[in-house]
Structures are given as structure tokens and as C-alpha cells.
Amino acid sequence: MLQVQFIRQNKDLVLERLALKQFKELSVVDEVLSLDDRRKKLTLEYDETQAQVNVSSKEIGKLMAAGDKEGAESRKAAVATLKQRLQPINDELKQVEENLTLALYKLPNLPHSSVPAGKTPEDNVVVRSGGPMPTLHAGAKPHWELTSQYDLIDFELGTRITGSGFPVYKNKGAKLQRALIQYFLDYNTDNGYTEFQPPYLVNAESATGTGQLPDKEGQMYHVTEDGFYLIPTAEVPVTNIYRDTIIKESELPIKMTAYTPCFRREAGSYGKDVRGLNRLHQFDKVELVQLVHPDTSYDTLENMVQHVEKLILSLELPYRILRLCGGDMSFTSALTYDFEVYSAAQGRWLEVSSVSNFEGYQTNRLKARFKDSHGKSQLVHSLNGSSLALPRILACLLENHQTADGIAIPASLQPYFGSAKIG
RNA sequence: GGUGAGAUGCCUGAGUGGCCGAAAGGAACGGUUUGCUAAACCGUCGUACGGGUCAAACUGUACCGAGGGUUCGAAUCCCUCUCUCACCGCCA
């Protein structure tokens, strides 16, 4: 969430940026400020009254020790009066603090100055593109036919075991999946990221920390029996590794990577969006998370973009990088680059990675801070990106590298997959 | 799942009603000494939210797992919960 002090000092900027993000309830900004004013007044009143109580209590102790029972009793009566005043102040203070938090939760992160104006995906800006655009042979097929032809994935079986959107990978399909995960993780750790295997279920505090709650409650599977949520991305458990911690400045940047399955309810999706591997309820992803000094977070963002770009290039896939417009960005992000890979047989671009700088928005909720050179704690900036989401990469690999007599495996992947082609 | 013991600052660990935001030791950081290393010595060494200030100094409140309660006053007493450890049961 945004820092109240920042909102107070930069109100005009905040309003302007919220508008860029297509945020309509601008009155929330004033609500936050007035609630914070009220909170300060009440806090002062409470603290001053409580201070009197504390002083009196000490005096009572001394009077008792001195054997002055009467003096002690009269003091007690005075304290009782003070405490009666305290009660309603405290009640209101708690209410105000709760409302303030709720109001702050309503405000999305502010887009960075380089974020393009716009409302829909059409307004996203293509930053650059690359990779070899394939020329498919006459009988080229979409991936859901290839997976069936080569016996790589059984969608119907998954439907029977669980439901739609839970495919069963088998044979070379399962092995390719495993090879990709291994390759991605090695690539990340070779570049200085520390590998983690986090829990796949998180509690409500963690989901709140990264912004899934309360904003996107319906996106996650909720295990009500124990109050846990299935992770929609490794971002949630991995970023929460540093919840409520003060990091040494010398330890920054913190670079983490993790493979996890991801679970998303994806309510309301339909049609060609969900065909084959395009959109699933369970999928695999290798994620990058960095916690960095605020001064360097945008350099880090560019580094992460290049890191992911090289990985896609090594898979010999055609891609483009988009800078998302204000209206298409996620609630918590300040600047996001999406990577899309061209699905040749479908004739459409599929998002395979999203790399974002959240600045202090997540870390303010998480209370992930570091001590600066003056000894003051400051929020670190958090960033994350996929490297990569597996199903769409798999789909594009199959479609783009298909030939009349099989599917070619990119050279970078062959050591992991163990052969140069499928079929 | 059952029984028992616990949860204190970066770590170990004292503290059973007021003098405790908290002893002591260690680690860390700064300094002195030193041919270098080591040792020794001195100092610093929690967080949040307020007040105050140009900024500091200074100052108030809260926090000893979490939440409630008793009391003029709680790390200390009571209740609930969570977690940790040990043993038993079960089990990949």
C-alpha cells in the first residue's frame, strides 16, 4: 500500500497518477488524509492521558510504600476518572485505524512516469521484439492437436481426475516440462539468484502482504478448513520470506528464484482463451523475486527484462516486449513489462512473463525494510518476473518448432531433454 | 490425535506485581592501543506511532509469541489461540 506521508506530501501527483491507472474513486485520497489526521489527534490525546495514568500509578506505589493509605486511595479515584476518558478515545482510535487501513487497501500503486496512458491492452506499447518467426509447413497444427498426436498431454484425463484446466502431462510431454523447469532454474541460479522451494499454501497474512488479499480474493483457491490459500504464483511465498524483517543494507540486492505450481480459479474465462494450454487452473512457473535498494530498482527492472529476454531467445521463439499502459497494469505494480511469445499455429501472442517493479507498495504491507547509512529504516523495493510460465512456452515450442516429421528441440534445451526432437 | 514443557532484544539467557524497554555474556558496529594477526580497553548497539526541531537534541505512548482479562500498576497473575520442543500414537 501507499505510504500516507507520501500521499500527504504529494497529493496532486498522487491524484494524477491514480487517474493514469484509470482509478476512479479519487475521493479515497481525501478520506485517507482525513482519517490520518483524526488518527494523529486521537493518538496524541490518548498518549497524554495515558501518561497521566502512568505517573499517578507510580505515585500510588510510593504512597503505599510510605504507608499513606488515604493518599493512595484518593489517587486511585483520580486514575479511575482518567481511565473513563481513555476508553472512548481508544475505541474510536481503533475504528479509525481500521478504516484507514481499509482505505489504503483501496488505493492501487502509482504508475511510474514512463507508463503509457491508456485503458486497454491495445494501448500497451511494444518496446521491442525479436526471435525467429517460423514458417510453418502446410499441415501445421495448433498445440492441442500436437500434444495428442505425440501423446504428450491428456486434457480429458485431467478433466476426469479433477476438472477442466488440470491437464495430465505424460511421456515426452512430462519430460519436456521437467527439462524446462530444470533449465530455467539453472539459468537463474547461474545468474546469481538463490533457489527456494516454498510452501504452495499460504496464510492470509502472506496473501495480504503481496496484495492478493483483499483485492483479488476470488482468484485464489481457498482452503477454508485451515484458512490457507493455494498460491497463484511463487511471488506470494517467496516475497513473504522477508515479511517483518529489517535487512542489512549490505545484503541488498536479494535475488531469489523458485519453481512452483500455480493455482488460479480464473473465473469467467472461456472460449479460445482457455483452449489447450492457453489458460489453466494449475500450471508450473519459475519465478524471480528481487528485493533491492530503492535507488536502483529501475536498473534492476531493466536487468530482469534482459535476463528474461535472453532466456526466451535461447528457446528460439519469436517474442515481443510490451510496456503496459496505466489501465492494463496490475493493482500493485508501478511499471510492468509483459513478454509475449507468438503462437504460430494459433496466430496470436501469448503472455509468458510479466516483469514488474512494485517499488514500496508490497514492502509497505510486508514491512520489509533496510537500515540506510543514516541508521533510518526505509522500505526496500520489490520486483518480480516469470522466467518463465511453462504451459504457454510449451505450446509455442510445439507449434513453432513443428516440422512434417516431428518437433525440434532447441539446442539450449537438448542437454536437459536428452534428445533433439520429439517424434 | 494424546500427554508434558516452553515462547523474553541479532543469539544465549536472567527476570514471579511498581525501581524492567528489560541484567549478564556473546555477536555486530565505531574507537584507543598495536610491526601484522590476536588480545585488551572504551563506547554504540530494538521497533512502531506521536509531540518537538530547518535538522537534531529532547520527549510521550505501545510492544517481552498473538488476542482478551484482573489490578491504581503486568514480561511477571488468569483465560483463549498460535507456534516450538520432548515422548506416545499414526504416517509419506
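With our numbering, you'll find the first sequence wraps up at 581, consecutive numbering, no jumps. Just so you know, even glycine gets a beta-carbon here, dropped at the ideal spot from N, CA and C.
Given this structure, state the Cα-to-Cα distance separating W507 from R550, to the nearest angstrom. Looking up residue 507 in the first sequence gives position 349. Looking up residue 550 in the first sequence gives position 392. If I take the Cα positions, the gap works out to 10 Å.
Is it a yes or a no for the region 552 to 562 touching the region 471 to 481, going by three-plus beta-carbon pairs under 8 Å? Here the region 552 to 562 makes contact with the region 471 to 481; the two share three or more CB pairs at distances below 8 Å.
Could you tell me which of L184, G219, L371, P266 sits nearest to Q161, measuring between CA atoms? Translated into positions along the first sequence, residue 161 becomes position 3. Of the candidates L184, G219, L371, P266, the one whose C-alpha sits nearest the C-alpha of Q161 is P266.
Can you say whether A425 is buried or exposed, counting buried as having 16 or more other CB atoms within 10 angstroms of its CB? Within the first sequence, the letter at position 267 stands for residue 425. So A425 ends up on the exposed side.
Between the region 442 to 460 and the region 397 to 417, can you find at least three pairs of beta-carbon atoms closer than 8 Å? yes
When we look at the beta-carbon of H270 and count the other beta-carbons within 10 Å, is it buried (16 or more) or exposed? The residue you call residue 270 lines up with position 112 of the first sequence. Burial call: buried.
With a threshold of 8 Å, are at least 3 pairs of Cβ atoms found where one atom belongs to the region 477 to 490 and the other to the region 569 to 581? no
When DSSP builds the beta bridges, which residues end up paired with W507? Translated into positions along the first sequence, residue 507 becomes position 349. In the DSSP assignment, W507 is bridged to Y500.
Nearest by alpha-carbon distance to L315: which of C483, F324, V283 is it? Locating residue 315 in the first sequence gives position 157, counting from the first residue. The shortest Cα separation from L315 among C483, F324, V283 belongs to F324.
Could you give the DSSP three-state label for P549: helix, strand or coil? Within the first sequence, residue 549 is the residue found at index 391, counting from 1. Here DSSP, grouped into helix, strand and coil, assigns P549 to helix.
Looking at the unbroken beta strand (DSSP E) that takes in P419, where does it start and where does it end? To locate residue 419, count along the first sequence from 1; it is residue 261. 412 to 421 is the extent of the beta strand (DSSP E) around P419.
When you compare the region 385 to 399 with the region 353 to 367, are there three or more beta-carbon pairs, one atom per stretch, that lie closer than 8 Å? yes
Just list the alpha helix (DSSP H) runs in the region 278 to 366, keeping only unbroken ones of 4 residues or longer that don't cross its boundaries, in chain order. As far as the region 278 to 366 is concerned, its whole alpha helix (DSSP H) runs of at least 4 residues are 301 to 307, 313 to 319, 329 to 348.
Measure the CB-CB distance between F421 and L388 and report whether it falls below 8 Å. Translated into the one-based positions of the first sequence, residue 421 becomes position 263. Translated into the one-based positions of the first sequence, residue 388 becomes position 230. Their beta carbons are under 8 Å apart, which means F421 touches L388 by this criterion.
Under DSSP, the beta strand (DSSP E) around F441 begins and ends at which residues? By 1-based counting over the first sequence, the position of residue 441 is 283. Per DSSP, F441 belongs to the beta strand (DSSP E) from 440 to 450.
Excluding the 5 residues flanking H380 on each side, which residues of the same chain have their C-beta closer than 6 Å to its C-beta? As a working note, residue 380 is residue 222 in the first sequence. Hits under 6 Å: Y387.
R527 - DSSP class collapsed to helix/strand/coil: For the purposes of this step, residue 527 is taken as the residue at position 369 of the first sequence. Three-state DSSP puts R527 in a strand.
Alpha carbons only, please: which of E383, K333, G369 is nearest the one belonging to F132? The structure shown does not extend to residue 132, since the chain is modelled only from 159 to 581, so the question has no answer here.
Buried versus exposed, by CB contacts within 10 Å (16 or more), Q131: Missing from the structure shown is residue 131; the chain here goes from 159 to 581 and no further.
Should S535 be labelled buried (16 or more other beta-carbon atoms within 10 Å of its own) or exposed? Position 377 of the first sequence holds residue 535. Classification for S535: exposed.
Hey, how far is the Cα of R166 from the Cα of L191? The residue given as residue 166 occupies position 8 in the first sequence. The residue given as residue 191 occupies position 33 in the first sequence. Going by the C-alpha atoms only, they are around 7 Å apart.
Do the region 518 to 527 and the region 363 to 378 meet, that is, are 3 or more Cβ pairs less than 8 Å apart? yes
Using a Cβ-Cβ cutoff of less than 6 Å, which residues in the same chain neighbour T347 once the five nearest sequence positions on both sides are dropped? Position 189 of the first sequence, counting from 1, holds the residue named residue 347. If we look at T347 and ignore the five residues flanking it on each side, its Cβ neighbours are E353.
Among D344, T418, N329, L202, nearest to V360 - alpha-carbon criterion: Here residue 360 is taken as the residue at index 202 of the first sequence, counted from 1. If we check each option's Cα against that of V360, T418 comes out closest.
Pick from L546, A365, E383 that is closest to Q377, judged by C-alpha positions: Here residue 377 corresponds to residue number 219 of the first sequence, with the count starting at 1. Cα-wise, what sits closest to Q377 is A365.
Anticipated Cβ contact below 8 Å, D563 with G543, distance rounded: Position 405 of the first sequence holds residue 563. Position 385 of the first sequence holds residue 543. The pair is not a contact, with the Cβ atoms about 36 Å apart (cut-off 8 Å).
Cα-Cα separation between A392 and A416, rounded to whole angstroms: As a working note, residue 392 is residue 234 in the first sequence. As a working note, residue 416 is residue 258 in the first sequence. Cα to Cα, the separation comes out at about 7 Å.
Pick helix, strand or coil for S514, following the three-state DSSP scheme. Locating residue 514 in the first sequence gives position 356, counting from the first residue. Strand at S514.
Any idea what DSSP makes of K430, helix, strand or coil? Here residue 430 refers to the residue found at position 272 of the first sequence. K430 falls in the helix class under three-state DSSP.
Tell me S544's beta-bridge partners as DSSP assigns them. Taking the first sequence and counting its residues from 1, one reaches residue 544 at position 386. BP columns for S544 point to E445.
Quick check on the burial criterion: 16 or more other C-beta atoms within 10 angstroms. Buried or exposed for T320? Looking up residue 320 in the first sequence gives position 162. Taking all protein chains shown into account, T320 has fewer than 16 neighbouring C-beta atoms within 10 Å of its C-beta and is therefore exposed.
What distance in whole Å lies between the Cβ atoms of Q340 and K277, which are believed to be in contact at a cut-off of 8 Å? As a first step, residue 277 must be located in the first sequence, where it is residue number 119. As a first step, residue 340 must be located in the first sequence, where it is residue number 182. Between Q340 and K277 the Cβ distance is about 40 Å, and since that is not below 8 Å, they are no contact.
Since L614 and Y327 should fall inside the 8 Å C-beta cutoff, what is the C-beta to C-beta distance between them, to a whole number of angstroms? Because residue 614 is not part of the residues shown, which for the chain are 159 to 581, the question remains open.
Can you find the residues in the same chain that come closer than 6 Å, C-beta to C-beta, to Y500, ignoring five residues on each side of it along the sequence? Indexing the first sequence from 1 puts residue 500 at position 342. Closer than 6 Å at the Cβ level, and outside the excluded window around Y500, lie P476, W507.
Of the residues K330, L435, Q464, Y456, the one placed nearest S577, counting alpha carbons only: Residue mapping note: residue 577 aligns to position 419 of the first sequence, counting from 1. Taking only the C-alpha atoms, the option nearest S577 is K330.
L480 vs V284 beta-carbon contact at 8 Å: Indexing the first sequence from 1 puts residue 480 at position 322. Indexing the first sequence from 1 puts residue 284 at position 126. Annotated as proximal: L480 and V284, with beta-carbon spacing under 8 Å.
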